[in-house]
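The first sequence lines up with residues 1 to 156 when you count with the UniProt record's numbering. In what follows, a structure is listed as structure tokens, so that the remarks can point back to it.
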Amino acid sequence: MAYWLMKSEPDEVSIDDALAQDSVAWFGVRNYQARNFMRDQMQPGDGVLFYHSSCAEPGIAGIAEVCSTAYPDHTQFDPASHYYDAKSTQENPRWIMVDVKALRKTRLISLNELRTHPELEEMLVLKKGSRLSITPVTPQEWQFITEQLAGAKHVR
DNA sequence: GCCAACGTTGGC
DNA sequence: GCCAACGTTGGC
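In structure tokens:
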């Protein structure tokens with residue numbers, strides 16, 4: 001059982017979009033490090049922090065879980081797709097994806113809020129220049145964040 | 001729209 | 001295998 005933070009642009013797939021479906025195929029990852037996490041480490045049942053990026057309020061927007069192992073990302077074979085890769089072949093696909101099931105929407109924990117917590121200062125997504133769309137989250141970070149989310153209902 | 005950070009490409 | 005040029009990400 002591992003934990004991950006996965007970035008999605010809400011214009012493309014928001015937490016609301018994800019909740020409206022049984023699961024969403026995490027297409028479009030075109031970075032080898034992120035791909036390798038999916039290929040080599042992700043397992044069904046792994047916890048996912050659903051993160052909204054490239055938007056007005058970037059931050060954690062929900063909780064999800066991995067619900068498949070890795071399989072080829074079909075968008076790499078589609079010349080009309082933004083994610084088309086002419087160098088990838090059906091026989092030897094370069095890019096893969098997993099299915100992710102959204103479990104619940106949470107209050108938005110903004111990037112700024114994440115930065116205020118010393119417990120989270122080692123989070124990869126907070127590191128300067130971090131651009132990886134998929135990053136591992138430690139059990140301690142996962143626990144801290146889910147406690148923040150649980151605690152919020154008492155505070156308000 | 002800007003730009004820092006970082007990844008990829010390709011000539012040599 | 002080096003590294004300059006170029007492309008992309010993503011917060012601001």
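Where is the CB? At the ideal position from N, CA and C, for every residue including glycine.
Secondary structure at residue 17: helix, using DSSP grouped into helix, strand and coil. Judged by DSSP secondary structure, residue 113 falls within the alpha helix (DSSP H) whose first and last residues are 111-116.
In the assembly as shown, residue 59 is a buried residue. Its beta-carbon has 16 or more other beta-carbons within 10 Å. In this model, residue 66 and residue 85 are separated by some 25 Å (Cα to Cα).
Sorting 21, 102, 83, 76 by C-alpha distance to the C-alpha of residue 90 places 76 at the top. Here the region 124-134 makes contact with the region 4-22; the two share three or more CB pairs at distances below 8 Å.
Comparing alpha-carbon positions, the option among 2, 42, 103 lying closest to residue 61 turns out to be 103. Non-local C-beta neighbours of residue 39 in its own chain, meaning closer than 8 Å and more than five positions away in sequence, comprise 70, 96, ordered along the chain. Counting along the chain, residue 83 sits inside no alpha helix (DSSP H), nor does DSSP assign it H or E at all.
With a beta-carbon spacing of about 12 Å, residue 101 and residue 15 fall beyond the 8 Å limit used to define contacts.
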